[in-house]
Amino acid sequence: MNFSSIVINVNQALNNQNIKRPPVVVVLGHVDHGKTSLLDYIRKANIAGREAGGITQATGAYEIEHNNEKITFIDTPGHSAFTKMRSRGTSVADIAILVVAADDGVKPQTAESIKILKESNTPFIVAINKIDKNNADIERTKQSLAENEVFLEGYGGNISFQLISAKTGEGINDLLDLLLLAVELEELTYSKNNIGQGVVIESKMSKQRGNEVSIIIKDGIFKRGDEISTESAQGKIKILEDFKGDVVSELTASSPAVIIGFEKLPKIGEECVIGNIKKDEEIEIKTQVKITDNKQILNLILKADTSGSLEALKYSIDPIIEKNKEDVRLIIKDTGVGEITDGDIKHAVTTSSKIIGFNVQVSRAALKLSEIHKTDIIESKIIYELLQKIEEYIERVKNPVIIKNILNILAIFSKQGSKQTVGGVVLSGVIKKGNTIEITREEKVLGRAKITNLQSGKNEINQIEEGKECGLVLNFSSGEEAQVGDNLVVI
């Protein structure tokens, strides 16, 4: 018997009187088709302008009232990187609104959303958005939906739809009417006497408040002071907040809630219940992968601002791992939520890892330590930009640019037997004492020698970097002696 079935069986045995509850609605759609603009219009708040790169990158839940009835909306990210989060969004939702732009039709994330809705058996209605645009083609949009097996009313099927403009507000009230009509068939209820039950939609570490967990309550009542459990975490509700951030003493079914009091962060999508229900520990057996001698290994440490973002980042990196598996083995050594700290840098140094940061700050101490240890930090606030940076880094590892170590001779000081003392400037790379070099003139190799002495000013040194001048003693083994203008190329 799994975690959730225990609670369901207890609640069924209680045989409590059920009360109608508000619907929980998830809004899905392709990036830039107007999903967030629709939610903004509905709740009369403009959050879209603060989104990095025009893509929503954090889940949230909001409660509105329409025709004296409450509706809870879950705002799920629209980018393909967030497939898992979106999939879990539908698991907590009672019904969905699929947003499709009238000037664009079904796109990759639209098709992906349709697949998720059908696999999870989530009822949905369609909002055809952007009807205010001159190039809106409603018939073509209906056709593209039909091509993806979404058959609208009057177009060969029974799926309800509404034409809207999230920009002007046209059709949005009708959309909400249609939504409430559709959920009447679902007979959504809860009981105040049932064991409180909800679903985690977000969790993050707050410096000021500790573990901060967002949930949607599905049944019963959640009260301040209650013990609370998920499959992976337990705690006690020290602070209970509604979707507006107001501290409250209790919340009922379909309400979004923020809970402070978990001992550790639960996982996104886990069910949470009132009470202390501890699950038996499971042993995870990880498959060992054989590493070939010619395959490079890249260790990664992932950091993100929230656990939801972290999950999305891990999910996004999976295709990159698969794509490059023939040449490079990427290993995720560790993950975490919150800013990149000096502790992360130390961990990266000991494990020879690169740090990947999504929408996180880098502490001053971490930045300073990374410069000392030359630890790479790849970070961005925009998911697709971060993935591009990771791909570019992997390509550099797979196809390293070979930098030749070259010095150009500026002066000849002396010659004695097979030895010649010269001065020059390093054009590229690093020149080291003990290097064997070739003397080249107009790309022709004229001789070979060994650097037996290297000086900068009056000091003897072991190596010198690009852009710096030095004096050096060459011990020739073959060919011609060097002249001003010749290059010394390390071999």
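For the sequence shown, position 142 matches number 142 in my numbering, and the numbering has no gaps at all. Glycine included, every Cβ here is placed at the ideal spot set by N, Cα and C. The structure displayed is predicted, hence computed values, not measured ones.
Residues bridged to residue i by DSSP?
i	result
G434	Partner(s): none; G434 has no beta bridge.
E465	V430
G336	K303
P256	I216
L330	L298
I439	G447 and L488
K204	E212
L152	I159
Y190	I19
I74	V26 and A61
I127	This sequence places Ala at residue 127; Ile is not what is there. Answer is V99 and Q162, bridged to A127.
V247	E241
Q420	K415 and L474
V425	N408 and E469
K354	L300
K223	E250
Q361	Looking at the DSSP assignment, Q361 forms no beta bridge with any residue, so it has no partner.
What are the boundary residues of the alpha helix (DSSP H) that residue i is part of?
i	result
H33	Unbroken run through H33: none, as it is neither H nor E.
Q388	I383 to K398
I526	Residue 526 falls outside the range modelled here, since the chain spans only 1 to 491, and no answer is possible.
A166	Careful: A166 lies outside any alpha helix (DSSP H) and carries neither H nor E.
I138	I138 to E147
E371	R364 to H373
As a quick exercise: from the options, pick the residue whose alpha carbon is nearest that of residue i.
i	options	result
E184	S229, Q162 and E69	E69
V473	E465, V445 and I437	I437
H66	L180, E147, S37 and K133	L180
I317	I402, S370, R441 and Y384	Y384
G25	E481, T335, N135 and E186	First, the residue type needs correcting, since residue 25 is Val and not Gly in the sequence shown. Among E481, T335, N135 and E186, the Cα nearest to that of V25 belongs to E186.
K192	D219, G210 and S206	D219
L300	M205, D246 and Y393	Y393
V426	D486, E460, I355 and E371	D486
T230	A482, E270 and V27	E270
G479	V213, E469 and R448	R448
T452	T421, N211, L310 and H30	T421
V100	V27, N121 and T72	V27
L302	E241, I260, E379 and C272	E379
Q208	E442, I431, G338 and I320	G338
F476	L446, I74 and G261	L446
P123	A146, A102, V92 and I131	V92
K115	I439, L98 and P319	L98
I195	G210, K223, E149 and A182	K223
G357	K368, D376, L369 and I372	D376
G225	G29, A182, L240 and I217	L240
H373	F161, V150, I355 and V490	I355
T306	G275, I340 and K333	I340
L423	F243, D177, E469 and I331	Checking the sequence, you will find Gly at residue 423 rather than Leu. The shortest C-alpha separation from G423 is found at E469.
G34	D334, S353 and I131	I131
K433	Q455, V484, L39 and I74	Q455
A146	P256, I159 and A136	I159
I390	I431, K368 and V328	V328
E371	D342, N359 and L386	D342
K236	G245, I128, K244 and G210	G210
A411	V484, P319 and L488	V484
S353	I221, E63 and L330	L330
Which residues mark the beginning and the end of the beta strand (DSSP E) in which residue i is found?
i	result
L181	Looking at the DSSP string, L181 is not in any beta strand (DSSP E); the run it does join, the alpha helix (DSSP H), is I172 to E184.
E119	First-last for E119: P108 to E119, but that is the alpha helix (DSSP H), not the beta strand (DSSP E).
I403	Element bounds for I403: n/a, residue is neither H nor E.
A93	No beta strand (DSSP E) contains A93, which DSSP labels as neither H nor E.
A348	Note, A348: premise wrong, no beta strand (DSSP E); alpha helix (DSSP H) at D342 to T351.
G235	Q234 to E241
S380	I377 to S380
E271	E271 to I274
S229	E227 to S229
### Query
Between the stretch 157 to 171 and the stretch 199 to 208, do three or more beta carbon pairs fall short of 8 Å?
Not touching, per the Cβ criterion.
### Query
If you pair each beta-carbon of the stretch 295 to 309 with each one of the stretch 388 to 398, do three or more pairs fall below 8 Å?
Because the criterion of three Cβ pairs below 8 Å is met, the stretch 295 to 309 and the stretch 388 to 398 touch.
### Query
Counting pairs of Cβ atoms below 8 Å between the stretch 132 to 145 and the stretch 105 to 121, do you hit three or more?
Contact between the stretch 132 to 145 and the stretch 105 to 121 is present, because at least three Cβ pairs lie under 8 Å.
#### Entry: At least three beta-carbon pairs within less than 8 Å, the stretch 310 to 324 to the stretch 244 to 258
Too few Cβ pairs lie closer than 8 Å, so no.
### the stretch 262 to 271 / the stretch 364 to 372 touching (three or more Cβ pairs under 8 Å)
Contact between the stretch 262 to 271 and the stretch 364 to 372 is not established, with fewer than three Cβ pairs separated by less than 8 Å.
### Query
Is the number of C-beta pairs between the stretch 332 to 349 and the stretch 415 to 425 that are closer than 8 Å three or more?
Contact between the stretch 332 to 349 and the stretch 415 to 425 is absent, with fewer than three C-beta pairs closer than 8 Å.
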